[in-house]
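>
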Amino acid sequence: LQVILGGGRKYMFPKNASDVEYPGEEKHRGTRLDRRDLVRAWRESKAPGKVARYVWHRRELLALNVSRVDFLLGEWPRGRAGGTGEGGTGTALCHLRRAQGSSSPVTWSTSWTATTRRTRGRIDHGHHEGKAKQALHEAVELDRAVGLAGRLTSPRDTLTLVTADHSHVFTFGGYTPRGNPIFGLAPMQSDVDRKPFTAILYGNGPGYKMVAGERENVSTVDFAHANYQAQAAVPLRQETHGGEDVAVFAKGPMAHLLHGVREQNYIPHAMAYAACIGANREHCGAGARSGA
Numbered sequence: 001l002q003v004i005l006g007g008g009r010k011y012m013f014p015k016n017a018s019d020v021e022y023p024g025e026e027k028h029r030g031t032r033l034d035r036r037d038l039v040r041a042w043r044e045s046k047a048p049g050k051v052a053r054y055v056w057h058r059r060e061l062l063a064l065n066v067s068r069v070d071f072l073l074g075e076w077p078r079g080r081a082g083g084t085g086e087g088g089t090g091t092a093l094c095h096l097r098r099a100q101g102s103s104s105p106v107t108w109s110t111s112w113t114a115t116t117r118r119t120r121g122r123i124d125h126g127h128h129e130g131k132a133k134q135a136l137h138e139a140v141e142l143d144r145a146v147g148l149a150g151r152l153t154s155p156r157d158t159l160t161l162v163t164a165d166h167s168h169v170f171t172f173g174g175y176t177p178r179g180n181p182i183f184g185l186a187p188m189q190s191d192v193d194r195k196p197f198t199a200i201l202y203g204n205g206p207g208y209k210m211v212a213g214e215r216e217n218v219s220t221v222d223f224a225h226a227n228y229q230a231q232a233a234v235p236l237r238q239e240t241h242g243g244e245d246v247a248v249f250a251k252g253p254m255a256h257l258l259h260g261v262r263e264q265n266y267i268p269h270a271m272a273y274a275a276c277i278g279a280n281r282e283h284c285g286a287g288a289r290s291g292a
């Protein structure tokens, strides 16, 4: 079973093509200027007798009899791959593995970028809404999904890469000691307004709140609630991205190509090189001949 799961469904279809799940929403319509339907092209590329299934909703994915499928393509809207409350793609991967059993191999080509909007999209959504607890719980789900992908593959023949395309104006501070709740208060008060503050804050976003002309006293609200919006310095309806460099983690073949400081557009070239896609494939034949 060869599996591709990812987000950004509208990039697979011709410009203005209606979305199967959100036919009335313009933002989900197809975007391709070449008028190609890549899902149809994917299906047509499969050899006669091979079974290829395309799914666009988690319930379709979980209903599959994977023992009768050779190729699986799952595409969701950008950033709609399922939050923790919906099971998430990691849960779907677990289901596929259990359903398939261990009798035959699985080739996983799983895109975490825009299962997510970007690196698992619900992390991004949580931050934009100023809901740090939701964002960090989604980060845990990403960690679990990456761990599952690692257990389903081997670093001898699989390059696993985890990264993002931006940061957020999300910060942690207040000299919190070891063991202090991550979603709790800092152990000190402001030496300006003499009020407590949470260890997690945002540079801007919907968490900006003034009460009677002063910063809200967070001790009067439930700052441990999942929907709590952490205080922000500048009022915005949506929190913004940050500007610092982001990390890229890699293991497996050609992981050594991803070290130091790189421009973002370098990453897909390194991935293509490792996967023997496109130009510069001489090393692939040499490796095969030498048994590497």
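Numbering (the UniProt record's numbering), first residue to last: 1 to 292. Idealized CB from N, CA, C, for every residue including glycine.
(1) Gly-184 and Thr-198: beta carbons closer than 9 Å?
(2) Considering only their Cβ atoms, is the gap separating Lys-10 from Gly-24 smaller than 9 Å?
(3) Quick one: is Pro-77 buried, meaning 16 or more other Cβ sit within 10 Å of its Cβ, or exposed?
(4) Do Tyr-208 and Ala-132 have their CB atoms nearer than 9 Å?
(5) With respect to the beta strand (DSSP E) encompassing Arg-53, which residues constitute its N-terminal and C-terminal limits?
(6) Quick check: the segment 155-172 against the segment 247-254, are at least 3 beta-carbon pairs closer than 8 Å?
(7) So which of Phe-249, Phe-13, His-283 and Cys-284 has the shortest CA-CA distance to Ile-267?
(8) Beta carbon of Leu-1, beta carbon of Val-66: below 9 Å?
(9) Just grab the DSSP bridge partners of Tyr-202 for me.
(10) Which of helix, strand or coil does DSSP assign to Val-3?
(11) From the DSSP output, read off the bridge partner residues of Pro-196.
(12) In this structure, does DSSP put Leu-62 in helix, strand or coil?
(13) Kindly identify the DSSP beta-bridge partner or partners of Leu-161.
(14) Can you list, in chain order, the residues of its chain with a C-beta nearer than 6 Å to that of Gly-74? Leave out the 5 residues immediately preceding and following it.
(15) Do the segment 238-249 and the segment 165-179 touch if we need at least three Cβ pairs shorter than 8 Å?
(16) Can the beta-carbon of Thr-163 be found closer than 9 Å to that of Ala-272?
(17) Closer than 8 Å to a non-hydrogen atom of the ligand NAD - does that hold for the CB of Gly-242?
(18) By the 10 Å Cβ neighbour count, where 16 or more other Cβ atoms means buried, how is Ala-232 classified, buried or exposed?
(19) Cα-Cα, which of Ala-139, Ala-279 and Arg-59 is closest to His-269?
(20) Considering only the alpha carbon of each residue, which of Ile-200, Arg-178 and Glu-214 lies closest to Val-192?
(21) Just to confirm, is the Cβ distance from Gly-130 to Gly-205 under 9 Å?
(22) What is the DSSP secondary structure of Pro-155, reduced to helix, strand or coil?
(23) Taking the straight line between their C-alpha atoms, what separation do you get for Leu-152 and Asn-265?
(24) Just the C-alpha distance for Gln-229 and His-28, rounded to the nearest angstrom, thanks.
(25) Is Pro-196 closer than 9 Å to Asn-217 when the C-beta atoms are compared?
(26) By the DSSP assignment, the beta strand (DSSP E) with Leu-73 in it spans what residues?
(27) Per the DSSP calculation, His-241 is bridged to which residue(s)?
Per the coordinate set shown:
(1) yes
(2) no
(3) buried
(4) no
(5) 52-55
(6) yes
(7) Phe-249
(8) yes
(9) Phe-170 and Ala-232
(10) strand
(11) Gln-189
(12) helix
(13) Ala-250
(14) Leu-5, Val-55 and Leu-61
(15) yes
(16) no
(17) Here there are no bound small molecules, and the ligand NAD is not part of this structure.
(18) buried
(19) Ala-279
(20) Glu-214
(21) yes
(22) coil
(23) 28 Å
(24) 28 Å
(25) yes
(26) 71-75
(27) His-168
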